[in-house]
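Colleague: Heads up: the protein sequence lines correspond to chains A and B, in order.
Quick note, in my numbering, the first sequence goes up one by one and the last residue is 10.
Quick note, in my numbering, the second sequence goes up one by one and the last residue is 226.
Here a beta-carbon is modelled for each residue, glycine too, at the ideal position from N, C-alpha and C.
Fair warning: this is a prediction, and the values are worked out from it, not measured in the lab.
Sending over a structure as structure tokens; questions will come in a sec.
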Amino acid sequence: VSPDNGHDEL
Amino acid sequence: MNIFRLAGDMTHLMSIVVLLLKMHTIKSCAGISLKTQELYALVFITRYLDIFTDFVSLYNTVMKIFFLGTSISIVWYMRYHKVVKQSYDKDHDTFRHYFLILPCFLLALIINDEFTFREVLWTFSLYLEAVAIIPQLVLLQRTKNIDNLTGNYVFFLGAYRGLYILNWIYRYFTDSHYRRKGITWTSGIVQTLLYADFFYYYIRSWRRNERLNLPA
């Protein structure tokens, strides 16, 4: 998952 | 993972634990807005559609399952548990949630990073989370004596929001792959500002050692 747009956050 | 993000996730988790504790041990949901809880369940369901397809980390997956499971069970408790549901303050929890759902959905259709099913729903969940606390804040204002658990619940939720903003600022400067666009920032800041008023009265009542009471 690309962290660019914060998809790794909850 | 930085300290702000971890602390933010932990206060978020704490807020839910406090709420479940209230329902499970005291068997009460007095002062808690079912509308807000239903909105949060919808937020997590629409945001974590990637739970089975994209693996970030074990931490991430476990937390997603926790947030999905607890938010749905809180709604179940408030609606169907034969003791808990009796303490639900239905007459004061009158905010209509589709007034929030509909504009958020339309906004997500118009303003998003990518026009795909998952991306639109993910964006919708961000917009909706920003305003989901409103029915709870309205109910708090109508409640005469706010009990400690309810006050702590909202306090932990607000702390989570504040810590996430610190996390974004930290990541912005330290993580070169991380460049958030306006959507998350704006909705996140809106959401945190909604708590400012509550925080003022929460801290004031705590310093004066009084019961929390919001002005009408």
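1) Output needed in chain order: residues of the stretch 164–196 of chain B with a Cβ under 9 Å from some Cβ in chain A.
2) Taking the CB atoms as reference points, tell me whether L59/B and R152/B lie closer together than 8 Å.
3) Between the stretch 72–96 of chain B and chain A, which residues of the former have a C-beta closer than 9 Å to a C-beta of the latter?
4) Grab me the residues of F77/B's own chain with a C-beta within less than 6 Å of its C-beta, minus the 5 sequence neighbours each way, in chain order.
5) Which residues does DSSP pair with I156/B in a beta bridge?
6) Between which two residues does the alpha helix (DSSP H) carrying A40/B extend?
7) Between the stretch 45–54 of chain B and the stretch 208–223 of chain B, do at least 3 Cβ pairs fall closer than 8 Å?
8) So, with DSSP's three-state summary, where would you put E9/A?
9) Report all residues from its chain with a CB closer than 7 Å to the CB of K74/B; omit the five preceding and five following residues, and keep chain order.
10) Could you tell me whether the Cβ of N70/B comes closer than 8 Å to any Cβ of chain A?
11) Rounded to a whole number of angstroms, what is the C-alpha to C-alpha distance between L203/B and T63/B?
12) Nearest-angstrom Cα distance between Y205/B and L224/B?
13) Could you name the residues of the stretch 27–39 of chain B whose beta carbon sits closer than 9 Å to any beta carbon of chain A, in the order they occur along the chain?
14) Establish whether the CB of V66/B and some CB of chain A are separated by less than 8 Å.
15) Tell me whether K100/B sits in a helix, a strand or coil according to DSSP, three-state version.
Modeller: Taking the structure as given:
1) Y174, N177, W178, R181, D185, H187, Y188, R189, R190, K191, I193, T194
2) In this structure, the beta-carbon distance from L59/B to R152/B does not fall below 8 Å.
3) M73, K74, F77
4) Same-chain partners within the cutoff: F54.
5) L222/B
6) Run containing A40/B: none; DSSP gives neither H nor E here.
7) no
8) coil
9) Y58, I61
10) yes
11) 34 Å
12) Rounded to the nearest angstrom, the gap between the Cα atoms of Y205/B and L224/B is 13 Å.
13) Contact annotation: in the stretch 27–39 of chain B, no residue has its CB less than 9 Å from a CB in chain A.
14) yes
15) Three-state result, K100/B: coil.
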